[in-house]
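Here is the structure we will look at.
Number of protein chains: 2
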Amino acid sequence: MDPVGFAHHDHHSCIAANLSAAEQICQDNGLQFTPVRRRVLEILLHEHRALGAYEILDMLRTEGLGSQPPVAYRALDFLVSNGFAHKIEHLNAFAACVHPGHSHTPMFLICRACNSVAEATTQISADTLGKTARAEGFRIEKAVIEAEGLCPACQTKEPA
Amino acid sequence: MDPVGFAHHDHHSCIAANLSAAEQICQDNGLQFTPVRRRVLEILLHEHRALGAYEILDMLRTEGLGSQPPVAYRALDFLVSNGFAHKIEHLNAFAACVHPGHSHTPMFLICRACNSVAEATTQISADTLGKTARAEGFRIEKAVIEAEGLCPACQTKEPA
DNA sequence: GTCGATATGTTATACAATTACACGAGGTAG
DNA sequence: CTACCTCGTGTAATTGTATAACATATCGAC
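Here's what the structure looks like:
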């Protein structure tokens, strides 16, 4: 499991910006940004890759912030429910959202070689999916798009 | 976990058609459509819903076709790899593909109330996703779209 | 007949997620 | 003030999902 995103960037300020954005959003919406929740988001932002719940739990454990699975899962549920993180179903792992606050239908690009994950924004509107769904009489509340393939780095190692 | 698809249809002939299609495709491509593999596809087609690997394993076990997890997982891997079935990541479950042989990017409509799953074909070409991906230098090999919401039946029970 | 490739059988284990219940801090109505 | 409600956390135990590793079997090519 390697980095989220294939491009370089100012990682330090990216963490700070995301954290304070989350803090602001919580304040505005009366949500409790508790130490565990904050720390888990921090970890996800800092590692900048998709992390399994137990990986996160291990880190929490060494910091004395909780040692049992529900601690991690509850924090992750909170972050995912409020748009601060996403679950990557294909990996059973979690990653910080790269643009919290904006409503979007993200698409994840998962490298099958190095397991890095990039969150891309799609041109596909929720409406395009909705059109398909309505044809079946289905009402979509949430959609997930995950693509598997090769990231730029791994393409050079393993050419077509 | 309830039915795949929200509409009624001639289920009996649908099973037969899919099975013989799979058989044909295997023959054409030099794949071995072994008893376990055939039986698992049969089960998926017959149940016509998303089944967990261990649910399938239980059925295999009562039939003496294998009793350990790898038996089920290997058969499922085969079916998924060759386009006869899909994995529903959100449910950690598997469902028979409703149009094997055709290359397509399916979209799954998953009801959060009754867990029924419908496989819809999208207007979204693999190319639309590919465009987004190429912007990141990523090469997509496989894409999964899963939507969560309410199926027609459950909408009437639980109105907006 | 030996070899390589493919499929299956089996044991054990790793990884992921949830249930259930106890505890504690903060607000608020009486 | 305290009784109560809500929300978040602590912890134990369990259930569910998936894979690793190795043995065995079958078939076809040479």
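Protein sequence lines correspond, in order, to chains A and B.
Sequential numbering of the first sequence, starting at 1, is according to full-length UniProt numbering.
Sequential numbering of the second sequence, starting at 1, is according to full-length UniProt numbering.
C-beta: ideal position from N, C-alpha, C; glycine also.
For clarity, every value in this text was computed on a predicted model and none was experimentally measured.
- For I88/B, the pairing in a beta bridge is given by DSSP as A93/B.
- In the DSSP assignment, T121/B falls within the unbroken beta strand (DSSP E) covering V117 to T121.
- A143/B belongs to the set of residues whose beta carbon lies under 9 Å from a beta carbon in chain A.
- Taken through DSSP and simplified to helix, strand or coil, I124/B comes out as coil.
- In this structure, L45/A and L19/A form a Cβ contact; the two beta carbons are roughly 7 Å apart against a cut-off of 8 Å.
- Using a 10 angstroms sphere on the CB of H90/B, the tally of other CB atoms reaches 16 or more, which defines it as buried.
- Excluding residues up to 5 positions away in sequence, I110 and R112 lie with their Cβ nearer than 6 Å to the Cβ of E148/A in the same chain.
- Within the same chain, and ignoring the five residues on either side of P152/A in sequence, the residues whose Cβ sits closer than 7 Å to its Cβ are F6.
- Every unbroken stretch of the alpha helix (DSSP H) spanning 4 or more residues and falling wholly within the segment 15-85 of chain B is given here in chain order: 35-47, 53-62 and 69-81.
- Interface annotation, T132/A: in contact with chain B, CB-CB separation under 9 Å.
- CA-to-CA, the gap between A96/A and K87/A works out to about 9 Å.
- Approximately 34 Å separates the beta-carbon atoms of I43/A and I124/B; this is outside 8 Å, ruling out the contact.
- Here DSSP, grouped into helix, strand and coil, assigns P100/A to coil.
- Taking a beta-carbon distance threshold of 9 Å, C14/A does not count as an interface residue toward chain B.
- Counting only residues of its own chain and dropping the five nearest sequence neighbours on each side, V4/A has a CB closer than 8 Å to the CB of H48, R49, A50, A95, A96, V98, S116, V117, A118 and E119.
- Short of 8 Å from the beta carbon of E146/A, and not among the five residues preceding or following it, lie these beta carbons of its own chain, in chain order: I88, E89, H90, M107, F108 and I110.
- Around the beta-carbon of R37/B, 16 or more other beta-carbon atoms lie within 10 Å, marking it buried.
- Within chain A, the residues placing a beta-carbon under 9 Å from that of P152/B are E136, G137, F138 and R139, ordered along the chain.
- Just measuring C-alpha positions, the residue of L150/B, C154/B, L65/B and L79/B sitting nearest L41/B is L79/B.
- Residues of chain A whose Cβ lies closer than 7 Å to the Cβ of T128/B are, in chain order, Q123 and I124.
- Interface annotation, H90/B: in contact with chain A, CB-CB separation under 9 Å.
- DSSP places A147/A in the uninterrupted beta strand (DSSP E) bounded by R139 to L150.
- The beta-carbon separation of A72/B and A93/B, rounded to 12 Å, does not stay under the 8 Å limit for a contact.
- Only buried fits P100/A, as 16 or more other CB atoms lie within 10 angstroms of its CB.
- Distance from the CA of P70/A to the CA of L57/A, rounded to the nearest whole angstrom, comes to 9 Å.
- When 7 Å is used as the limit between beta carbons, Q155/A is near these residues of chain B: R139, in chain order.
- Secondary structure of C154/B (DSSP, three-state): helix.
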